[in-house]
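S.K.: Residue numbers (the working numbering): 108 to 459.
Yeah, the Cβ is synthetic: ideal placement off N, Cα and C, and Gly gets one too.
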């Protein structure tokens, strides 16, 4: 009886401290992995280099350097550090996962981190946790190999279980020890200070700015300067159904009630333009939020905590307005928008 023909799918090599150093899929060039502080920082395949910018385990951006161009994108993550959105200058992409990290093949091949900040093995499609210590299969929702700390240690009774069957509230980046996914607030402030070179006072200023934008102050205070200009520009939009317009008006008034004037005239005009486009249906609410977040990101070196709060709030708006936008199309509400606009035009004075 002859043995069946077996061809290798890939070749893996590890370094002296048991970290995956090289992965070579069949009929492809090898992928070399480089680490910083025991975290994957750069992967090189041929003439292409993928790098991740991070601080204190928080993913911030991804860069792809090829022979002809260099692309850099901001990464929006959730509490588990899973990448939900990647935004570049002229391109953006959203990502969705099952509770155990399974995602569509169309987005699985992108050279950026994914579920809980882990990259996908190009050979198997699994997550190589602990820098290659254990392979986690998101389809089977379990590890391929048993935990060396099971059954009597920290690995638990089930040597193949991932996060003890609770991947929503826990993650396991090491492949051997689970941890809660909630990120301490102090960690966010520390990452901001280290990444953008801000002082401790500036880091604390982030929370002060966020408080002014979320908690109303003295509502009797009149809006001044660019905030008054922005409010005036929003008046013709009335009670717009656009989530972006409603959120912009509310946040602008909240900042004004706290006597916050950290808004330039140029930024006010930019916000007004986005609001008009969103109200008219020229762009969607998620697109308006995303463009606002990008504009704030460009001002991070100059405006520090103010720009960071603007980027975070608008990034959150991008994520939360997406499902609402989809619901409008599913229920048919989006189709009624032109009819409502036509009625508004006919009801205007001196309009036939």
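So, at 8 Å on beta carbons, what are the nonlocal neighbours of residue 264 in its own chain, with the 5 sequence-adjacent residues on each side left out?
M.R.: The answer, listed in chain order, is 257 and 258.
S.K.: Residue 117 to residue 269, Cα distance in whole Å?
M.R.: Approximately 25 Å, taken between the alpha carbons.
S.K.: Answer yes if the stretch 418 to 428 comes into contact with the stretch 392 to 406, meaning at least three C-beta pairs across the two stretches below 8 Å, and no otherwise.
M.R.: Yes, since at least three Cβ pairs between the stretch 392 to 406 and the stretch 418 to 428 fall closer than 8 Å, the two stretches touch.
S.K.: Check this for me: beta carbons of residue 393 and residue 361, under 9 Å apart or not?
M.R.: No.
S.K.: Can you tell me whether residue 339 is buried or exposed, with buried defined as 16 or more other CB within 10 angstroms of its CB?
M.R.: Residue 339 is exposed by the Cβ-count criterion.
S.K.: Compare the C-alpha of residue 253 against each of 282, 366 and 350 and name the closest.
M.R.: With distances taken between Cα atoms, residue 253 lies closest to 282.
S.K.: Quick check: does the Cβ of residue 138 come within less than 8 Å of any heavy atom belonging to the ligand PLP?
M.R.: No copy of the ligand PLP appears in this structure; indeed no ligand is present at all.
S.K.: Which class does residue 192 belong to by DSSP, given the choice of helix, strand or coil?
M.R.: Correct three-state label for residue 192: strand.
S.K.: Buried or exposed: which applies to residue 275, given that a residue is buried once 16 or more other Cβ atoms fall within 10 Å of its Cβ?
M.R.: Exposed, because fewer than 16 other Cβ atoms sit within 10 Å of the Cβ of residue 275.
S.K.: Using DSSP bridges, identify the partner residues of residue 130.
M.R.: Residue 130 is bridged to 119 and 138.
S.K.: Between residue 225 and residue 236, how many whole angstroms is the CB-CB distance? I'm expecting something under 8 Å.
M.R.: Right, the Cβ-Cβ distance comes to about 6 Å (below 8 Å), so this counts as a contact.
S.K.: Would you grab the beta carbon distance between residue 173 and residue 193 for me? Rounded to a whole angstrom, and I think it's under 8 Å.
M.R.: About 16 Å separates the two Cβ atoms, so there is no contact after all.
S.K.: Is the Cβ-Cβ distance between residue 168 and residue 182 less than 9 Å?
M.R.: The answer is yes: Cβ separation under 9 Å.
S.K.: Might you give, ordered along the chain, the residues of its own chain that have their beta carbon closer than 6 Å to the beta carbon of residue 316, omitting 5 neighbours on each side?
M.R.: For residue 316, where only same-chain residues beyond five positions count, the Cβ hits under 6 Å are 412, 413 and 416.
S.K.: When the Cα of residue 123 is compared with those of 386, 249 and 240, which residue comes out closest?
M.R.: Ranking 386, 249 and 240 by Cα distance to residue 123 puts 240 first.
S.K.: Got a sec, what are the start and stop residues for the alpha helix (DSSP H) residue 401 sits in?
M.R.: That run of the alpha helix (DSSP H) goes 392 to 405.
S.K.: Pick from 222, 146 and 171: whose alpha carbon is nearest that of residue 152?
M.R.: Ranking 222, 146 and 171 by Cα distance to residue 152 puts 171 first.
S.K.: Quick one: grab the DSSP three-state call for residue 306.
M.R.: Note that residue 306 scores 49 on pLDDT, short of 50, meaning its location in the model is unreliable and no value can be drawn from it.
S.K.: Between the C-alpha atoms of residue 165 and residue 336, what's the straight-line distance to the nearest angstrom?
M.R.: If you take the alpha carbons of residue 165 and residue 336, they lie about 37 Å apart.
S.K.: What's the C-alpha gap between residue 438 and residue 344?
M.R.: At residue 438, the pLDDT of 47 sits below 50, so the modelled position is not reliable and the matter cannot be decided from this model.
S.K.: Starting from residue 184, trace the alpha helix (DSSP H) both ways and give me its first and last residue.
M.R.: Here residue 184 belongs to no alpha helix (DSSP H); instead the beta strand (DSSP E) covers 177 to 184.
S.K.: Note down, in chain order, each residue of its chain lying with its Cβ closer than 8 Å to the Cβ of residue 293, except the 5 sequence neighbours on either side.
M.R.: For residue 293, the predicted model reports a pLDDT of 45, less than 50, meaning its position is unreliable; a value from the coordinates is still stated below. Here the set comprises nothing.
S.K.: Less than 9 Å between the C-beta atoms of residue 329 and residue 351, yes or no?
M.R.: It is not a contact, given that the beta carbons lie outside the stated cut-off.
S.K.: Can you give me the C-alpha to C-alpha distance between residue 163 and residue 227, rounded to a whole angstrom?
M.R.: Cα-Cα distance, rounded: 21 Å.
S.K.: Applying the 10 Å Cβ sphere with the 16-neighbour rule, what's the burial state of residue 121?
M.R.: It counts as exposed.
S.K.: So is residue 380 buried or exposed if we call it buried at 16+ other beta carbons inside 10 Å?
M.R.: Exposed is the call here.
S.K.: Leaving out the 5 sequence neighbours to the left and right, which residues in its chain are closer than 6 Å to residue 229 when beta-carbon positions are compared?
M.R.: Taken in chain order, the residues that qualify are 132.
S.K.: Taking C-beta to C-beta, are residue 365 and residue 323 nearer than 9 Å?
M.R.: Yes, they are a contact pair.
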